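S.K.: Going left to right, the sequence shown walks through residues 1245 to 1382 as the working numbering numbers them. Every residue gets a Cβ at the ideal spot worked out from N, C-alpha and C, and that includes glycine. The structure presented is a predicted model; accordingly, all values stated were derived computationally and were not measured.
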Amino acid sequence: MIRRFFGTAALVAVLAIPSLALAQGVPGGIERGARDGERAAGPVGAVVGGVVGGVVGGVAGVLGVDERPRFRSYVVEQRRPSYQYREDVRVGVVLPEDGVTYYDVPQEYGVREHRYTVVNGRTVLVEPRTRRIVEIVE
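(1) Tell me which residue opens and which closes the alpha helix (DSSP H) that Tyr1318 is part of.
(2) I'd like the list of long-range same chain contacts for Gly1343, defined as Cβ closer than 8 Å, with 5 residues on each side in sequence excluded.
(3) Could you check whether the Cβ of Asp1342 sits closer than 8 Å to any Cβ belonging to chain B?
(4) Measure how close the beta-carbons of Val1335 and Glu1379 come, nearest whole angstrom, since I'm counting them as under 8 Å.
(5) Drop a sphere of 10 angstroms on the beta-carbon of Asp1280, count the other beta-carbons inside from all chains shown, and report buried for 16 or more, exposed for fewer.
(6) Out of curiosity, what's the CA-to-CA distance linking Val1309 and Val1363?
(7) Return the Cβ separation of Val1368 and Val1333 in integer angstroms, given the expectation that the two are a contact with Cβ distance under 8 Å.
(8) Can you tell me where the beta strand (DSSP E) holding Glu1371 begins and where it ends?
(9) Could you pull out every residue in the same chain whose Cβ sits closer than 6 Å to the Cβ of Val1337, ignoring the five residues on either side in sequence?
(10) Should Glu1352 go down as buried or exposed, given a rule of 16 or more other Cβ atoms within 10 Å for buried?
(11) Does DSSP put Arg1375 in a helix, in a strand, or in coil?
Next up, the structure:
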């Protein structure tokens, strides 16, 4: 039974990783991994696929690894003003409702659900409804 479980888990991981590489962040990776895993190996596959998807999505972030330098250059060229924030700028921080200007991410970067802004000279991606920082683009 245990051998079968690990065999199934390994199969799901091998099948799911290529499609998970396109996942956007941890939540997107978990959802897509669970969906792909369940299709490949049922309920066990959904659990394993969700875990693998979350890891892959977390590593890739919202912006793909290859897109970060290009996007950072784009933001620098735009010369957006920087909002001065008194707290640490880190993932999970909710920015104030007033004073921060959010900008659309151009379609070519593949980010649809998030906006960007510049805080303390650092480019950040933000979930627009909650104003929560989801990624710092370095």
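M.R.: Taking the coordinates as given:
(1) It spans 1311-1322 - the alpha helix (DSSP H) in which Tyr1318 sits, taken as one unbroken run.
(2) So the qualifying residues of the chain are Tyr1327.
(3) Absent here is chain B; the protein component of the structure consists of one chain.
(4) About 7 Å separates the two Cβ atoms, so the contact holds.
(5) When all chains shown are included, Asp1280 counts as buried.
(6) Those two C-alpha atoms are separated by around 21 Å.
(7) About 7 Å; that satisfies the 8 Å criterion.
(8) According to the DSSP assignment, Glu1371 belongs to the beta strand (DSSP E) that extends over 1366-1371.
(9) A distance below 6 Å between beta-carbons, with the five flanking residues on each side excluded, links Val1337 to the following residues of its chain, in chain order: Ile1377.
(10) Here Glu1352 is exposed: its Cβ has fewer than 16 other Cβ atoms, across all protein chains shown, within 10 Å.
(11) Correct three-state label for Arg1375: coil.
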